[in-house]
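Number of protein chains: 2
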Amino acid sequence: MSKVVSMSEAASIALHGVILIAREKEGLNVLKIAERTNTSKHHVAKVMQRLVKAGYLTSHRGPTGGFELRKKPEDINFLEIYEIIEGAIEIGKCPMDKQVCPFDKCIMNNVTSKMTREFKEYLREQTVNQYL
Amino acid sequence: MSKVVSMSEAASIALHGVILIAREKEGLNVLKIAERTNTSKHHVAKVMQRLVKAGYLTSHRGPTGGFELRKKPEDINFLEIYEIIEGAIEIGKCPMDKQVCPFDKCIMNNVTSKMTREFKEYLREQTVNQYL
DNA sequence: GTAATTTCGGTATTTAAATACGCAAATATA
DNA sequence: TATATTTGCGTATTTAAATACCGAAATTAC
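Order-wise, the sequence lines are chains H and Z.
Residue 132 is where the first sequence ends in the working numbering, and the numbering goes up by one at each step.
Residue 1132 is where the second sequence ends in the working numbering, and the numbering goes up by one at each step.
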């Protein structure tokens, strides 16, 4: 019923989208990415925009337009892509967003820090070329 | 800037509240719990209600009213309390909530499952008496 | 019995984040 | 140059979840 670790559709689109684009020599447009990720073209467009701005994709408008990778698949890891969308992942933040802990010692005892470190490590290890 | 693992204020109030009540022999009322957790009395009241219904607390109205633990502190672990508020923690759920994965193999490769398992284990190991 | 205090429980509001929309700008083709 | 196609970008809407409110009911003490 409840979930501890979640990922926004935006981050999902970004990661899947980059892989899909990498797989395609010709470039891929919004509509095709939307179809293949089973999401709305509006949302895909929004997300791709940000990857273009961040320098990971080049875009072309008009017929035959679409997106291409700007870097080699082996030089892009998931963490970079993820953080463009979500912002830098912070380790050691209070999971309840408390500025001041009401208790002497935190009851979550840094378990969330450990988990976050793991998540970050995983994302850093995955490169796009591993998913071609 | 971004956070991977988070906890609602409600779950935080539940866990901290139960510990605070356990520390007090006399019982504790909404207002005091709110003060000591630095949260609103409205929200505390709401959360405590649920713990009463779930059988973890007894409540008394009127002056000298408040809440008391119904079980021994060593017999209450964090997981039980957490799940009353958030619902059962599910392992193995797609972090993007996809019903059908658009890819042959999941790009998150069960890292989130592992993290969730860890989180659950941690909560299960913590009992209230460890925080008296 | 009255007044003060406190929880109960239904509902309302807020909020933040995510997602969707729609027009503008660019490009290709014919 | 006209038309079709596609991305760009600002904004609107949705949504779900969290949080706050408020009158009612219970209890205590004097």
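Even for Gly, the Cβ is constructed at its ideal location relative to N, Cα and C.
Please determine, among the options, the residue with the shortest C-alpha to C-alpha distance to residue i.
i: ASN29/H; options: LEU15/H, SER8/H, ARG117/H and GLU68/H; result: GLU68/H
i: LEU1015/Z; options: CYS106/H, LYS120/H and THR127/H; result: CYS106/H
i: GLN130/H; options: LYS98/H, ILE76/H and LYS25/H; result: ILE76/H
i: SER1006/Z; options: VAL111/H, GLU125/H and ARG124/H; result: VAL111/H
i: GLU26/H; options: ARG36/H, GLY65/H and LEU123/H; result: GLY65/H
i: LYS72/H; options: GLU24/H, SER8/H and ALA11/H; result: GLU24/H
i: LEU79/H; options: ILE13/H, LYS120/H, GLU9/H and LEU20/H; result: LYS120/H
i: GLU9/H; options: ILE19/H, LYS114/H, THR37/H and ILE21/H; result: THR37/H
By DSSP, does residue i sit in helix, in strand, or in coil?
i: GLU68/H; result: strand
i: ILE76/H; result: coil
i: LEU51/H; result: helix
i: THR1039/Z; result: coil
i: SER8/H; result: coil
i: ILE19/H; result: helix
i: LEU1057/Z; result: strand
i: ILE1107/Z; result: coil
i: ILE1081/Z; result: helix
i: LEU1031/Z; result: helix
Return the chain-ordered list of same chain residues with a C-beta closer than 6 Å to the C-beta of residue i, the five sequence neighbours on each side being excluded.
i: LEU31/H; result: LYS41
For a contact meaning CB atoms closer than 7 Å, what does residue i contact in chain Z?
i: MET96/H; result: MET1007, GLU1009 and SER1012
i: TYR131/H; result: ILE1107
Using a Cβ cut-off of 7 Å, pull out every chain H residue sitting near residue i, in sequence order please.
i: TYR1122/Z; result: VAL111
Starting from the C-beta of residue i, find all residues in its chain whose C-beta is less than 7 Å away, skip the five residues before and the five after it, and write them out in chain order.
i: ARG117/H; result: ILE91
Which residues in chain Z have a C-beta closer than 8 Å to the C-beta of residue i? List them in chain order.
i: PRO102/H; result: HIS1016, ARG1036, THR1037 and ASN1038
Item to check | Within 7 Å of chain H by C-beta, residues of the region 1037-1052 of chain Z in sequence order | outcome: THR1037 and ASN1038
Next on the checklist: Along the region 13-28 of chain H, where does the CB come closer than 8 Å to a CB of chain Z? Name the residues.
Outcome noted: LEU15, HIS16 and ILE19
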